[in-house]
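Input: a single structure, listed below in structure tokens.
Here it is, written out as structure tokens:
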């Protein structure tokens, strides 16, 4: 995905997020763009300036940001795009995870 494609995707996906401060929405878009450009890379390894890295971690730690609000923006964006089509192909991921080792079960609080 090119940077401009990732930014456009992030803007469409999260631009309407209601995070009670437009700067938070902009930070979400910026963070989503960076993650989309380098999928699988941890936030700590993204090519951020020190200020942007601190901003990303502040966003992640911010107790005033509700993950449900971020998800809702994504859901609404998906619904909007889905309504543009007469037919949709719905795929389901049937992946299952098994954690048989007791130490993992304790760590994951299962």
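Residue numbers (UniProt numbering): 1 to 110.
Where a beta carbon is used, it is the ideal one built from N, C-alpha and C, also for glycine.
I need the DSSP call for residue i, collapsed to helix, strand or coil.
i          : result
residue 94 : coil
residue 18 : coil
residue 8  : helix
residue 43 : helix
Could you please give the first and the last residue of the uninterrupted alpha helix (DSSP H) stretch that includes residue i?
i          : result
residue 37 : 22-37
residue 79 : 67-82
residue 55 : 50-61
Using the beta-carbon count (16 or more within 10 Å), is residue i buried or exposed?
i          : result
residue 97 : exposed
residue 29 : buried
Exercise. Three or more beta-carbon pairs under 8 angstroms between the segment 25-34 and the segment 43-56, yes or no?
Worked result: yes
Exercise. With a cut-off of 8 angstroms, do at least 3 Cβ pairs link the segment 57-68 to the segment 5-16?
Worked result: The segment 57-68 vs the segment 5-16: no contact.
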